[in-house]
Amino acid sequence: MQRCASSQPLVEEIQAEEEEEEEEEQEVFQETGGVNEEQVGPVEEASAREPDGRSAPVEHKNGKRAEAGPSVADGGPRFSMFTWLMVVALLGVWSSVAVFYFDIVDYDRVLARAQEFRMNFSEVLQGKLAAYDTDGDGDFDVEDAKVLLEKTSKPEVETPTQRAPEPEEDGPGAEETSVPGSQDVESEIQAAVPLPPLDDSHFVPDDPTEPGQRYEEEPGSIDTTGVLVEENQPEETEGESGRYQTSSKLSQEAEAEKPPKAEPEPQTGSTRPTESRQAADGAAEKAAEEQKEKVKKKKPKLLNKVDKSIKSEIDAAERLRKKGNLDLALKAFDSLVQQHPLSPRARYGKAQVQDDLAEKLRSNDLLQSAISTYGEAAELPDVTSDLLRAALKRRAERQQFLGRMRGSLATLQKLVDVFPDDVGLRNDLGVAHLLLGDNKGAKKVYEEVLAVAPSNGFAKVHYGFILKAENKIAESIPYLREGLESGEPGTDDGRFYFHLGDALQRVGDDSAYLWYERGHQRGHFASVWQRSLYNVEGLKAQPWWTPQETGYADLVRMLERNWKTIRDEALAVMDRSRGRFLPEEENLREKGEWGQYTLWQQGKRVGNACQGVPKTCALMERFPEATGCKRGQIKFSVMQPGTHVWPHTGPTNCRLRMHLGLVIPAPGCRIRCTDQTREWEEGKVLIFDDSFEHEVWQEADSYRLIFIVDVWHPELSQYQRQTLSPI
Numbered sequence: 001m002q003r004c005a006s007s008q009p010l011v012e013e014i015q016a017e018e019e020e021e022e023e024e025e026q027e028v029f030q031e032t033g034g035v036n037e038e039q040v041g042p043v044e045e046a047s048a049r050e051p052d053g054r055s056a057p058v059e060h061k062n063g064k065r066a067e068a069g070p071s072v073a074d075g076g077p078r079f080s081m082f083t084w085l086m087v088v089a090l091l092g093v094w095s096s097v098a099v100f101y102f103d104i105v106d107y108d109r110v111l112a113r114a115q116e117f118r119m120n121f122s123e124v125l126q127g128k129l130a131a132y133d134t135d136g137d138g139d140f141d142v143e144d145a146k147v148l149l150e151k152t153s154k155p156e157v158e159t160p161t162q163r164a165p166e167p168e169e170d171g172p173g174a175e176e177t178s179v180p181g182s183q184d185v186e187s188e189i190q191a192a193v194p195l196p197p198l199d200d201s202h203f204v205p206d207d208p209t210e211p212g213q214r215y216e217e218e219p220g221s222i223d224t225t226g227v228l229v230e231e232n233q234p235e236e237t238e239g240e241s242g243r244y245q246t247s248s249k250l251s252q253e254a255e256a257e258k259p260p261k262a263e264p265e266p267q268t269g270s271t272r273p274t275e276s277r278q279a280a281d282g283a284a285e286k287a288a289e290e291q292k293e294k295v296k297k298k299k300p301k302l303l304n305k306v307d308k309s310i311k312s313e314i315d316a317a318e319r320l321r322k323k324g325n326l327d328l329a330l331k332a333f334d335s336l337v338q339q340h341p342l343s344p345r346a347r348y349g350k351a352q353v354q355d356d357l358a359e360k361l362r363s364n365d366l367l368q369s370a371i372s373t374y375g376e377a378a379e380l381p382d383v384t385s386d387l388l389r390a391a392l393k394r395r396a397e398r399q400q401f402l403g404r405m406r407g408s409l410a411t412l413q414k415l416v417d418v419f420p421d422d423v424g425l426r427n428d429l430g431v432a433h434l435l436l437g438d439n440k441g442a443k444k445v446y447e448e449v450l451a452v453a454p455s456n457g458f459a460k461v462h463y464g465f466i467l468k469a470e471n472k473i474a475e476s477i478p479y480l481r482e483g484l485e486s487g488e489p490g491t492d493d494g495r496f497y498f499h500l501g502d503a504l505q506r507v508g509d510d511s512a513y514l515w516y517e518r519g520h521q522r523g524h525f526a527s528v529w530q531r532s533l534y535n536v537e538g539l540k541a542q543p544w545w546t547p548q549e550t551g552y553a554d555l556v557r558m559l560e561r562n563w564k565t566i567r568d569e570a571l572a573v574m575d576r577s578r579g580r581f582l583p584e585e586e587n588l589r590e591k592g593e594w595g596q597y598t599l600w601q602q603g604k605r606v607g608n609a610c611q612g613v614p615k616t617c618a619l620m621e622r623f624p625e626a627t628g629c630k631r632g633q634i635k636f637s638v639m640q641p642g643t644h645v646w647p648h649t650g651p652t653n654c655r656l657r658m659h660l661g662l663v664i665p666a667p668g669c670r671i672r673c674t675d676q677t678r679e680w681e682e683g684k685v686l687i688f689d690d691s692f693e694h695e696v697w698q699e700a701d702s703y704r705l706i707f708i709v710d711v712w713h714p715e716l717s718q719y720q721r722q723t724l725s726p727i
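Spelled out as structure tokens, the structure:
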């Protein structure tokens, strides 16, 4: 209204000019003797009005008065066409300004769009949500509506003004510049098309060789339908093969540095791929076909006739298990077992659910039930060979997990009897013998394997391991080396690197440290020197320690103050007729005699050993860091002249070892840890970390007697000390 009021002075100015012109015409008319006054229309005064709404009479400059009328004929006001044209023009201008400022809306277009949206939304209500569920969450929400509106507003033919410029590949704003109707929107809608339903006829059970596996699907994995929805990946630039570019700025700089090409690559959105892309696609398709054929050949047959008749029920129960609904899955499989007691697949499924529940609830009782159910499934008539193998193999693994080694051995022996040509099952049987400590039985099994498969790496490393345990050092080396070099599954084990290096050291072959280095690089050893296999990561690692560094200074002071009392009790029990000192049985001696008298082992007293040395045990009872060390020992060690102990390492980094000198003949008794060699002193304590390589010589004229006390590594927490497994 303020803008419209500003035009009033201009109108009044125009009217004043017209009045002057009219007065001049009147004067000219009178001078020429014109007409009488009644024919002259009075000029209307804009501000003069009568109460009844009529224009007030106007008095002219010549003194004449006239009533304002509706027309010229009856004396009404008279304006020129120029006046009205100007008024109309001004109104048009200010109307345009109002439209510009106040954003007047084209309501016809809005109504048309609303009608079009209602038509599309009616299709949605009729069950066509799947095509617009762009985020795959199963419902129609705000994000989906955006795509729907963009699709409905897409013109039939894109004009140059409607089509947004296509961004260069990996260029800045590649996603931000997408507009409705662009390729990005089309790809989103296409990706929202639901996949075909799961084809349960291709169901493959869990691999029984993977204990404790989880059933969550991994991103990007191929499901049992064989359908894989691939996202279009950006083409790789030269010199950047195998790596995606995430920075548009970097891609621009790389593009700017490239020399101009004679034939530019087609831009994003082009329908003609490059030759390299075609070759890559062809190779990918070929690899996919080969993988598909490979999977098809290895697909196990788990269903017999009874199982096929209830396949849909079995698949439904299996889906519950894989989704983690274990209670419902157990009820479903249990119901199937009751209704169809001769169905091996239903019973196998029940065992799997019990297995999963046992792991989830940490229940040995449930695990034992699963072991029994696996056995029942294998005993049913007409069980397929694949299901029999899967059930018995998983049963053997879970028996081993529970420590039922003899039961596991019997299960594996049955498998070998049923499948005598399966080398893998024979290898598993050999491991079962080793777990029982039956090296002879294991050796026989691996000799049978190597007779039919002489290049089998798994059998070679285990056979070499057994030969070394029999002290056949030179014979063990080629089997251990060739087995490790094969790279076969099951051969990359720290124990095999450990024993190969140890065997090479004992024959004087310096290549031992090359294998130790390889074992370190494979993550089996903390370093070339520190080769323990049962470790806690992050503990301070150094070969030699001071009492202050350990934090066990009180224990060290007690030992050094009472060393004579400890020595006298040890000498009293050294009489061989009493059998107190037993020969070392770890195959660590190259030569000589080495006896030990153990008081504590794995955090517990050993029998009635303390009866022979009661004062020593009473002293030690005050130090739980030693008596409670489940990964250590407290013992006397006597070594006769001419003894040499091979370079070796202890089994764990969770302990430190103290040596208290009791009887130390001089010279000739020394110990090396890594590259530092020291000697014992009577009444003094040496502290070292025996997870580092160490070696002992006794070249004196009489025996050497020391007291060995293992303590927890000082950086272990109290919780770790309580929960670590014994060694």
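Counting from 1, one number per residue, gives the positions in the sequence shown under the working numbering. No residue lacks a Cβ here, since even glycine has one placed at the ideal position from N, Cα and C.
With burial defined as no fewer than 16 other Cβ atoms inside 10 Å of the residue's Cβ, what is the status of Asn653: buried or exposed? Within the sequence shown, numbered from 1, the residue matching residue 653 stands at position 653. Buried: at least 16 other Cβ atoms inside 10 Å.
Between Leu435, Asp710, Leu434 and Gly424, which lies nearest to Ala453 when the distance is taken from Cα to Cα? Here residue 453 refers to the residue found at position 453 of the sequence shown. Minimum Cα distance to Ala453 is reached at Gly424.
Once DSSP output is grouped into helix, strand and coil, what is the label at Thr627? In the sequence shown, the residue the question calls residue 627 occupies position 627. It is helical.
Please give me, in chain order, every unbroken run of the alpha helix (DSSP H) with length at least 4 that falls completely inside the region 611-666. 614-620 and 624-627
Reduced DSSP secondary structure (H/G/I, E/B, other) of Leu599: Looking up residue 599 in the sequence shown gives position 599. Looking at Leu599 - three-state DSSP - the assignment turns out to be strand.
Segments assigned alpha helix (DSSP H), at least 4 residues, entirely inside the region 319-371: 326-339 and 344-361
Please report the straight-line C-alpha distance between Leu588 and Trp697, rounded to a whole angstrom. For this step, residue 588 is matched to residue 588 along the sequence shown. For this step, residue 697 is matched to residue 697 along the sequence shown. Whole-angstrom Cα-Cα distance: 12 Å.
Assuming contact is defined by CB atoms lying nearer than 7 Å, are Glu590 and His644 in contact in what I supplied? For the purposes of this step, residue 590 is identified with residue 590 of the sequence shown, where counting begins at 1. For the purposes of this step, residue 644 is identified with residue 644 of the sequence shown, where counting begins at 1. Yes, the pair counts as a contact, with Cβ atoms nearer than the cut-off.
Would you identify the three-state DSSP class for Tyr534, choosing helix, strand or coil? As a working note, residue 534 is residue 534 in the sequence shown. DSSP places Tyr534 in strand when its eight states are reduced to three.
Would Gly628 pass as a contact of Gly650 if the rule is Cβ separation under 7 Å? Here residue 628 refers to the residue found at position 628 of the sequence shown. Here residue 650 refers to the residue found at position 650 of the sequence shown. Not in contact: Gly628 and Gly650 (Cβ atoms no closer than 7 Å).
Per the DSSP calculation, His694 is bridged to which residue(s)? On the sequence shown, residue 694 is found 694 positions in, with the first residue counted as 1. Beta-bridge pairing links His694 to His648 and Cys673.
Spatially closest choice to Thr384 from Ser486, Leu342 and Ala469, by CA coordinates: On the sequence shown, residue 384 is found 384 positions in, with the first residue counted as 1. Thr384 has its Cα closest to that of Leu342, out of Ser486, Leu342 and Ala469.
Quick check on DSSP: helix, strand or coil for Leu380? Here residue 380 corresponds to residue number 380 of the sequence shown, with the count starting at 1. Residue state, collapsed to three classes: coil.
Over the uninterrupted alpha helix (DSSP H) stretch that includes Glu549, give me the two end residues. Position 549 of the sequence shown holds residue 549. Where Glu549 is concerned, the enclosing alpha helix (DSSP H) stretches over Pro547 to Thr550.
Straight-line CA distance for His340 to Asn325? Here residue 340 refers to the residue found at position 340 when the sequence shown is read from its first residue. Here residue 325 refers to the residue found at position 325 when the sequence shown is read from its first residue. Distance between the alpha carbons of His340 and Asn325 is about 22 Å.
Residue from Asp327, Leu303 and Phe333 whose Cα sits closest to the Cα of Ala316: Translated into the one-based positions of the sequence shown, residue 316 becomes position 316. The option with the nearest alpha carbon to Ala316 is Phe333.
Distance check for Arg406 and Asn364, CA to CA, integer angstroms please. In the sequence shown, residue 364 corresponds to position 364, counting from 1. In the sequence shown, residue 406 corresponds to position 406, counting from 1. Roughly 17 Å separates the two Cα atoms.
Sorted by chain position, which residues of the same chain lie with C-beta nearer than 7 Å to Glu679's C-beta, five sequence neighbours on each side aside? Residue 679 sits at position 679 when you count from the first residue of the sequence shown. If we look at Glu679 and ignore the five residues flanking it on each side, its Cβ neighbours are Cys669 and Arg670.
Report yes or no: do three or more beta-carbon pairs, one from the region 700-711 and one from the region 620-637, lie closer than 8 Å? yes
Are the CB atoms of Val461 and Leu435 within a distance shorter than 7 Å? Counting from one through the sequence shown, the residue named residue 435 turns up at place 435. Counting from one through the sequence shown, the residue named residue 461 turns up at place 461. Result no, Cβ atoms of Leu435 and Val461 do not sit closer than 7 Å.
Residues bridged to Pro583 by DSSP? Indexing the sequence shown from 1 puts residue 583 at position 583. According to DSSP, which records beta bridges pairwise, Pro583 is partnered with Gly595.
Leaving out five residues before and five after Tyr463 in sequence, what residues of the same chain have Cβ atoms less than 6 Å from its Cβ? In the sequence shown, the residue the question calls residue 463 occupies position 463. Excluding residues within five positions, the ones whose Cβ falls inside 6 Å are Tyr446 and Tyr479.
Quick check on Asp737: does DSSP put it in helix, strand or coil? Lying before the first or after the last residue shown, residue 737 is absent from the chain, which here runs from 1 to 727.
Sequence-distant residues of the same chain with beta carbon closer than 7 Å to Gln413, five excluded per side: One-based indexing of the sequence shown puts residue 413 at position 413. Only Leu429 meet the Cβ criterion.
Inspect the CB distances between the region 554-563 and the region 529-538 and report whether three or more fall short of 8 Å. no
DSSP-derived helix/strand/coil call for Trp84: Here residue 84 corresponds to residue number 84 of the sequence shown, with the count starting at 1. Of the three classes helix, strand and coil, the one that applies to Trp84 here is helix, per DSSP.
Three-state secondary structure assigned by DSSP to Phe525: Here residue 525 refers to the residue found at position 525 of the sequence shown. Coil at Phe525, not helix or strand.
I'd like to know whether the C-beta atoms of Leu582 and Ile634 end up nearer to each other than 7 Å. For this step, residue 582 is matched to residue 582 along the sequence shown. For this step, residue 634 is matched to residue 634 along the sequence shown. Result no, Cβ atoms of Leu582 and Ile634 do not sit closer than 7 Å.
Tell me whether Glu175 is buried or exposed, calling it buried when 16 or more other Cβ atoms sit within 10 Å of its Cβ. The sequence position of residue 175 within the sequence shown is 175, counting from 1. Because Glu175 sits at a pLDDT of 38, beneath the cut-off of 50, its placement in the model cannot be relied upon, and the following sentence gives the value as read from the coordinates. Counting Cβ neighbours within 10 Å, Glu175 comes out exposed, since fewer than 16 surround it.
Taking Cβ to Cβ, would you say Ser637 is nearer than 7 Å to Gln601? Mapped onto the sequence shown, residue 637 falls at position 637. Mapped onto the sequence shown, residue 601 falls at position 601. For Ser637 and Gln601, no; Cβs fall outside 7 Å.
Report yes if the C-beta distance between Ala391 and Ala410 is below 7 Å; otherwise report no. Counting from 1 along the sequence shown, the entry for residue 391 is found at position 391. Counting from 1 along the sequence shown, the entry for residue 410 is found at position 410. Going by C-beta atoms, Ala391 is not nearer than 7 Å to Ala410.
Where do the ends of the alpha helix (DSSP H) carrying Ile566 lie? Walking along the sequence shown from the start, residue 566 turns up at place 566. Segment Trp563 to Ala572, the alpha helix (DSSP H) holding Ile566.
Alpha carbon of Asp701 to alpha carbon of Pro665, nearest angstrom: Position 701 of the sequence shown holds residue 701. Position 665 of the sequence shown holds residue 665. For Asp701 and Pro665, the distance between alpha carbons rounds to 7 Å.
Backbone secondary structure at Val606 - three-state DSSP: Here residue 606 is taken as the residue at index 606 of the sequence shown, counted from 1. Three-state result, Val606: coil.
If contacts are defined as beta-carbon pairs under 8 Å, then Glu482 and Phe458 qualify, I think. What distance do you get, rounded to the angstrom? By one-based count along the sequence shown, residue 482 stands at place 482. By one-based count along the sequence shown, residue 458 stands at place 458. Not confirmed; about 12 Å, so no contact.
Rounded to whole angstroms, what's the CA-CA distance from Gln400 to Gln354? Just pull it up for me. Taking the sequence shown and counting its residues from 1, one reaches residue 400 at position 400. Taking the sequence shown and counting its residues from 1, one reaches residue 354 at position 354. Roughly 17 Å separates the two Cα atoms.
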